[in-house]
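Please read the structure below before turning to the comments.
Protein chains: 2
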Amino acid sequence: MAAAPRPGAVDKRRLILDAAITVFARQGFHHCRVSDVADEAGVAYGLVYHYFDSKEEMLNELFLERWQIMLDAIGEIDGRDELAPREKLHQVAGFIIDSYRHEPDLMKVIIVEVTRAANSFGRLHLEKIREAYAKIAQIVESARQDGTFKQDISAQFAAMCFYGAIEQLLSGWIFDLLPQTEEEFERAKTLVVEAICGGLEVSPSPTTPAVSG
Amino acid sequence: MAAAPRPGAVDKRRLILDAAITVFARQGFHHCRVSDVADEAGVAYGLVYHYFDSKEEMLNELFLERWQIMLDAIGEIDGRDELAPREKLHQVAGFIIDSYRHEPDLMKVIIVEVTRAANSFGRLHLEKIREAYAKIAQIVESARQDGTFKQDISAQFAAMCFYGAIEQLLSGWIFDLLPQTEEEFERAKTLVVEAICGGLEVSPSPTTPAVSG
DNA sequence: ATGCTCGTTGACTGACGAGTCAATCTGGCT
DNA sequence: AGCCAGATTGACTCGTCAGTCAACGAGCAT
């Protein structure tokens, strides 16, 4: 709709989109007004409608833009054949967790307003969301076929559990139920993979020796 | 507000609440009108406000009623000392999955509109939601202390992964991404516990022999 | 039969907020 | 200077609902 602005000029479209991230994250998509976004961007109300057809279009754009990056990242990780299955999943978890770490507001908006919004944008973007599950499932499926992962848990099922666990962690951070320090983010990457791949139960042949006291 | 109705008379309050479940599940809380609920219940618009102060109050009531049942159930399961940790988690998963199986609309409403709605009712009921995580964490914590579960994964973290995996499965059913047959529900109970407790990876000492063909 | 209470009705109000649009501004070009 | 295209402004429109309320009805007690 609008061409790239002259160098030196501010990209108002981007400005509005960034303001939308802040406002949607703070107040929620349904509980904010378009004027809130305009105010946050320091821009007149009408300008929002110069760049976007509707309030929804802003959210769609934010989601699609970011989700595609994630899909590409997962695809790339899956393609690195030198990585063991657990390592691939670790990379995936790492990517998602880092996304939250670097852009918590954007990830909050995507998860709360799209991914988990089964009655509105979730339905609209179902295909894109499903694509992510499928890509994760593909990683699991390879691991099943080379005998690393169990046969009796289907790849699709495993992918849902894995993704669900990660999203629940993000949710915990969003809700402020879990501590959000750099160390916690790093620990989470390893632990979520350990929990899902290795399981919560102590293995029959202990890698870690039994604890005393 | 209203006492129990005479025997033989219809409990309009319950009627409205049940209609709300149907309508909220079908259209979503934000995308339905109070008149939709009244119509679904076959009742005049104003009567809804005779029994409830607001649209939100209906949702709150639905959530609190059902969530408390779940909290009680988890507490009860945790108290049964004869059960192994994995068996306790199996019971918890079973309870939640059966809740969905028997009342899919109600569970959909609770998950979509409350549990996963970080910007509206999720925040309002955060304490109650957190209570569920804490109860699950307690089961895990006992298992860690008796050496069944790994030390290096904190109980709170494990509980989030476990609950997240289950909720993602319900989400998959709600979104129609996963098949919803009786067998699938039963399989899911076992598999989600197997995935989280046993892990996706093949154990060093195989309980299940290697698969051929 | 009269009056009381509580259940029930649905037309109405009032606020709110998404989206419109005519006017104004800006900067480049001739 | 005069013109044009696109950017920018914000007051206004217009539909939508949540919530109100005055009236009506049904059962019950005296």
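Listed in order, the protein sequences are those of chains L and X.
The first sequence stops at residue 213 when you use our numbering, and every number in between is there.
The second sequence stops at residue 426 when you use our numbering, and every number in between is there.
We treat Cβ as the ideally placed atom computed from N, Cα and C, and that holds for glycine.
All values derive from a computational prediction rather than experimental measurement.
Which residues DSSP lists as bridging residue i, in chain order
| i | result |
| --- | --- |
| E201(L) | F362(X) |
Cβ separation of residue i and residue j, assumed to be a contact under 8 Å, to the nearest whole Å
| i | j | result |
| --- | --- | --- |
| E194(L) | Q381(X) | Incorrect: roughly 18 Å between the Cβ atoms, too far for contact. |
| A165(L) | Y133(L) | So it is not a contact: roughly 13 Å between Cβ atoms. |
| D236(X) | V250(X) | Rather than Asp, the amino acid found at residue 236(X) in this sequence is Val. Rounded, the Cβ-Cβ distance is 5 Å, consistent with contact. |
| Q351(X) | D291(X) | 6 Å |
| L200(L) | I409(X) | 6 Å |
| V202(L) | F362(X) | 7 Å |
| K135(L) | I174(L) | Not really, about 23 Å apart at Cβ, beyond 8 Å. |
| I234(X) | V322(X) | 6 Å |
| F63(L) | F121(L) | 7 Å |
| L71(L) | E131(L) | 6 Å |
| A118(L) | K189(L) | In fact, because the Cβ distance is near 27 Å, the residues do not count as touching under 8 Å. |
Neighbour-count burial assignment, residue i, 16 or more Cβ in a 10 Å radius
| i | result |
| --- | --- |
| P85(L) | buried |
| T328(X) | buried |
| E326(X) | buried |
| Y51(L) | buried |
| M45(L) | With the sequence shown as reference, residue 45(L) is identified as Tyr, and Met is not the correct amino acid for it. So Y45(L) ends up on the exposed side. |
| Q91(L) | buried |
| R13(L) | buried |
| P384(X) | One point to set straight first is that residue 384(X) is Ser, not Pro, in the sequence displayed. Buried is the call here. |
| R144(L) | buried |
| A147(L) | Note that residue 147(L) is Gly in the sequence shown here, rather than Ala. Under this definition G147(L) is an exposed residue. |
| G255(X) | exposed |
| A2(L) | In this predicted model, A2(L) has a pLDDT of only 44, less than 50, meaning its place in the structure is not dependable; the value taken from the coordinates is given anyway. Classification for A2(L): exposed. |
| T208(L) | Low confidence applies here, because T208(L) scores a pLDDT of 48, under 50, leaving its location unreliable; read the following figure in that light. T208(L) comes out exposed. |
| I69(L) | exposed |
| E395(X) | exposed |
Item to check | Residues within the segment 227-239 of chain X neighbouring chain L, beta-carbon criterion of under 7 Å | outcome: none
Checklist entry - What are the residues of the segment 28-54 of chain L that lie near chain X, defined by any Cβ-Cβ distance shorter than 7 Å? => result G28, H30, H31
Checklist entry - Using a beta-carbon distance cut-off of less than 8 Å, what residues from the segment 390-415 of chain X approach chain L? => result L390, L391, A401, L404, V405, E407, A408, I409, C410, G411, G412, L413, E414, V415
Next on the checklist: At a CB distance below 9 Å, what residues from the segment 281-310 of chain X approach chain L? Give them in sequence order.
Outcome noted: P298, R299, L302
Next on the checklist: Against chain L, which members of the segment 363-384 of chain X pass a CB distance test of less than 9 Å?
Outcome noted: K363, Q364, D365, I366, S367, Q369, F370, A371, M373, C374, F375, Y376, G377, A378, I379, E380, Q381, L382, S384
Next on the checklist: Taking 8 Å as the cut-off, does the segment 89-100 of chain L touch the segment 304-322 of chain X (at least 3 CB pairs, one atom from each stretch)?
Outcome noted: no
Next on the checklist: Using a Cβ distance threshold of 8 Å, determine whether the segment 260-273 of chain X contacts the segment 237-247 of chain X, with at least three qualifying pairs required.
Outcome noted: yes
Checklist entry - Listed in chain order, which residues of the segment 336-355 of chain X have Cβ atoms closer than 9 Å to some Cβ of chain L? => result R336, L339, I342, R343, Y346, V353
Checklist entry - Residues in the segment 95-114 of chain L with C-beta within 9 Å of chain X's C-beta atoms, listed in sequence order? => result K108, I111, V112, E113
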